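Report on one structure; see the data block that follows.
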Ligand code: MEV
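Numbering (the working numbering), first residue to last: 8 to 427.
Structure representation (structure tokens):
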């Protein structure tokens, strides 16, 4: 079946039907299907190796965002999240962007920064010069730690120095490492620890911390899309959306929430692909704090009155190594995405962040989010009131129609439903 991510009525299908359709379109194997649908795809034995004091696994719903066209390619986006509306919001924005060519996205080289803190230096300035003059030697030394990266002509590629003035002056050495398709934390930390004694020898100082920075400014992803005026509700709607954006640019209280919306989309793909969402969260928020905390997205109106949205963030993700290769569900999600490099994955994630944010501010600047949100939330309330899978749909409709989506009302209505 041809891969077209614009499937109409996908949300109206049952989970099994959606999975069947995706399986057919993407030619997933029966192992992938089992991993996605069955419980226990992450065995307790594997879980017990991943973290400490394991007593079980926790599950969150996995949904598929549709309509995404990125760099001319169709993508189904797996999103793992417990919050209602996020998957729908992303799919909606992707639908609006689609007739204008969807999203254009790219990433810079996957270069991570490792930091080495050097203390007790009589002259950090002189030590900095010494380090920089021995750059090639230090890079070669760091690269002894990764044969794989060396073979791919990557690995450690540069060294930078910075002098910080705190209670004591300190020299910070940045080791820049092209980590290819890995998230890269392990190899960067290993390299930093490995070259630290040589740095002490060169400077005569004392190395304290040796750890990567999550503010991976060299490893950024960018996405842009046009949201046509006629598809967002006309000129007045465009104006309200722009006002919503300007609010976030002008106010840190609003920016925090606006950016939380961006991360709703981003984190859900990170979780589905078993990537370190805390690392990306830290990097994204730090990045938009450089020069004063501001919106993670940018919007402008072009000559035709359409909205041009964009996003640029540090996005350190991996498709090999780390936890990403132990979860069968994450592997199946990567197959759904069809990504062949970490850079491709980070470009997709940037597009999802932009889509999520656009939908959120569009909804907030019109009818508000509660109507749609409560409609979806009514299903959670129905489930917690004890509705069986057969009853959930009916009870959630009754809750919405009653205008009171509360647990107490859900219990009363469920009783009524069962008496019928
Ligand atoms: C809710 O999880 C996210 C939003 O609050 C984002 C926003 O306000 O832009 C809807």
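For every residue, glycine included, the Cβ atom is placed at its ideal position computed from N, Cα and C.
On a predicted model such as this, the values are computed, not experimentally measured, just so you know.
- Of all alpha-carbon atoms in 165, 193, 191 and 171, the one lying nearest the alpha-carbon of residue 181 is that of 165.
- A residue is called buried once 16 or more other Cβ atoms fall within 10 Å of its Cβ, and residue 426, having fewer, is exposed.
- Exposure of residue 285 is indicated by the presence of fewer than 16 other C-beta atoms within 10 angstroms of its C-beta.
- Rounded to the nearest angstrom, the gap between the Cα atoms of residue 39 and residue 138 is 49 Å.
- At a cut-off of 8 Å, the beta-carbon of residue 387 does not count as near the ligand MEV: no heavy atom of the ligand is closer than that.
- The shortest CA-to-CA distance from residue 61 to any of 218, 51 and 67 is the one to 51.
- Membership of residue 397 in the alpha helix (DSSP H) is indicated by the continuous run 396-409.
- Residue 11 is a Cβ neighbour of residue 32, given a cutoff of 9 Å.
- If you check the C-beta of residue 359 against the ligand MEV, you find no heavy atom less than 8 Å away.
- Pairwise C-beta distances place the segment 376-393 out of contact with the segment 121-138, as fewer than three of them are shorter than 8 Å.
- Secondary-structure assignment with DSSP links residue 327 through a beta bridge to 189.
- Its chain contains 114 and 117 as the residues whose beta carbon lies nearer than 7 Å to that of residue 350, once the 5 sequence neighbours on both sides are disregarded; these appear in chain order.
- Under DSSP, residue 233 takes part in a beta bridge, and its partners are 315.
- Counting every other CB atom within 10 Å of its CB across the protein chains shown gives residue 310 a total below 16, marking it as exposed.
- Per DSSP, residue 174 lies in no alpha helix (DSSP H) segment and is marked neither H nor E.
- Along the length of the segment 238-270, whole alpha helix (DSSP H) runs at least 4 residues long occupy 242-257, reported in chain order.
- Sixteen is the threshold: since fewer than 16 other Cβ atoms of the shown chains lie within 10 Å of the Cβ of residue 260, the residue is exposed.
- Assignment of residue 305 by DSSP, reduced to helix, strand and coil, places it in the strand class.
- Separation of residue 234 and residue 341 (C-alpha to C-alpha, rounded to the nearest whole angstrom) is 28 Å.
- Scanning the segment 62-137 for uninterrupted alpha helix (DSSP H) segments of 4 residues or longer gives 93-104, listed from N- to C-terminal end.
- A straight line joining the alpha-carbon of residue 357 with that of residue 290 spans about 13 Å.
- In the DSSP assignment, residue 214 falls within the beta strand (DSSP E) that extends over 213-220.
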